[in-house]
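Contents: one structure, followed by commentary.
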Amino acid sequence: MADVNVTSLVDVMLVLLIIFMITAPIMQGGVDVELPKAQARPLSPKEGMVVTVNRDGRIFVDQTAVSMNDFRVTFRSLVATRHPSGVYLQADQRVPYGRVVQVLAIIRASGVGNVGLVAAEEDSP
Numbered sequence: 004m005a006d007v008n009v010t011s012l013v014d015v016m017l018v019l020l021i022i023f024m025i026t027a028p029i030m031q032g033g034v035d036v037e038l039p040k041a042q043a044r045p046l047s048p049k050e051g052m053v054v055t056v057n058r059d060g061r062i063f064v065d066q067t068a069v070s071m072n073d074f075r076v077t078f079r080s081l082v083a084t085r086h087p088s089g090v091y092l093q094a095d096q097r098v099p100y101g102r103v104v105q106v107l108a109i110i111r112a113s114g115v116g117n118v119g120l121v122a123a124e125e126d127s128p
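Below you can see the structure in the form of structure tokens.
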């Protein structure tokens, strides 16, 4: 009686498993932002929206790109439908201060009272 040799099948499956293990963390990346460093106490996890301004000044609401022209209307409608407990604003440290202030002003004008600025933990000396 002839037996089926599964050694090559196991080899191929192990190679595929290794490939998926290596690429899975890469695929989960969000918006690329280099946060400014600061000494601050960590925020307790809450349900809220995340607004990101990347190094090019592009705006993302929960990883969905929104143009600056559409941000005011889009954000206001999202706040009206989702009623977030707060908004976390994370801006790349290379973004001009004026751009961050514009985004922050739109967030505040939309009726959100609880806005947190996200920073990376500062390295200990």
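Here the sequence shown is numbered in the numbering used here, starting from 4 and rising by one per residue. The beta carbon of each residue, even a glycine, is placed where N, CA and C say it ideally should be.
Beta-carbon separation (whole angstroms), residue i vs residue j, contact threshold 8 Å
i	j	result
leucine 92	valine 121	7 Å
valine 90	valine 54	6 Å
proline 87	glycine 116	With a Cβ gap of about 10 Å, proline 87 and glycine 116 do not count as contacting.
Cβ-based neighbour list, residue i, same chain, cut-off 6 Å, excluding 5 preceding and 5 following
i	result
valine 69	Ile62 and Thr77
Contact set for residue i: own chain, Cβ-Cβ below 7 Å, skip 5 residues either direction
i	result
arginine 75	Ile109
glycine 60	Val98 and Arg102
arginine 111	Val118
Classification of residue i by the beta-carbon crowding that lies within 10 angstroms, buried from 16 upward
i	result
threonine 10	exposed
aspartate 6	exposed
leucine 81	buried
aspartate 95	buried
valine 18	exposed
serine 113	buried
valine 104	exposed
valine 13	exposed
For this session: Run through the stretch 62-124 for me and flag every whole alpha helix (DSSP H) of 4 or more residues, listed as ranges in chain order.
Result: Counting whole runs of 4 or more residues, the stretch 62-124 contains the alpha helix (DSSP H) stretches 71-85 and 100-112.
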